[in-house]
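Worksheet: the structure to be examined is printed underneath.
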Amino acid sequence: MEKHCAMKDMRTIALALSLFAGLPLSAQLNPVSWTFESRALGEGEYELVMTADLDPGWNIYSQYLESDDGPVRTSFYFELPDGVELLGKTSEEGHRKEGYDSLFDMNVVKFSGRVVFRQRVKAPAGGHIQGAVEYMTCDDERCLPPREVPFSIALQ
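First residue of the sequence shown? That's 56 in the working numbering, and the numbers climb one at a time after it.
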């Protein structure tokens, strides 16, 4: 009788461990690293450069998706001080892949490898642009929850 209870307890413990074993790994998994900088263009204009470097096999999604019914699009939020204005839309360049995505059962635009986002601004020298980027990353089998990464870019 004691042997049966001990085996049942061991199975319960093994099941609990298997359920929670993946949690620390998924909490630590971060296949995207970001860098933020600016470049002076002259006459009070700057280019903000936001670069995402993705681990092999991972993708992030374009800012310009046709529908909100699929993946979370990459979005930039800028806190603009007085006297600062955005010039045009944020551009994106990198290894672009457009087509059907079985994870979402729809056509999407996604990027892998290194993706560079550029936003021109008109601003007085010496300031900072603060904001955040929100994005979602997926590989061929799973997606991680959307993340928001704050940034502060010195205008130099």
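Beta carbons: idealized from backbone N, C-alpha and C, even for Gly.
None of these values were measured; they are calculated from a predicted model.
Applying the criterion that 16 or more other CB atoms from any shown protein chain within 10 Å of the CB defines a buried residue, is G149 buried or exposed?
Buried, since its Cβ has 16 or more Cβ neighbours within 10 Å.
Taking its Cβ as the centre, do 16 or more other Cβ atoms sit within 10 Å of N114, making it buried, or is it exposed?
So N114 counts as buried.
In terms of alpha-carbon separation, which member of T192, Q211 and I208 lies closest to P86?
Distance from the Cα of P86 is smallest, within the candidate group T192, Q211 and I208, for T192.
Figure out for me which residue from L135, P126, G97 and L84 has the closest Cα to the Cα of G182.
Answer by Cα proximity: L135.
Using 8 Å as the threshold, is the segment 153-169 in touch with the segment 86-102, meaning 3 or more CB pairs across them?
No: fewer than three Cβ pairs fall under 8 Å.
Please state the DSSP three-state secondary structure of G186.
Here G186 sits in strand by DSSP.
My guess is that V171 and L141 are in contact by the Cβ rule of under 8 Å, so how many angstroms apart are they, rounded?
Not really, about 17 Å apart at Cβ, beyond 8 Å.
Look at Q118 and E153 and say whether their C-beta atoms are less than 8 Å apart.
Taking the C-beta atoms as reference points, E153 is found no nearer than 8 Å to Q118.
With DSSP collapsed to three states, give me the class of A209.
The three-state secondary structure of A209, taken from DSSP, is strand.
Within 10 angstroms of its Cβ, does R128 collect 16 or more other Cβ (buried), or is it exposed?
Around the Cβ of R128, a 10 Å sphere holds 16 or more other Cβ atoms; the residue is buried.
Assigned exposure category for Y190 - 16 Cβ within 10 Å defines buried
Classification of Y190: buried, given that the 10 Å Cβ count is 16 or more.
To the nearest whole angstrom, what separates the beta carbons of F131 and G186, a pair I think is in contact under 8 Å?
6 Å between Cβ atoms; contact.
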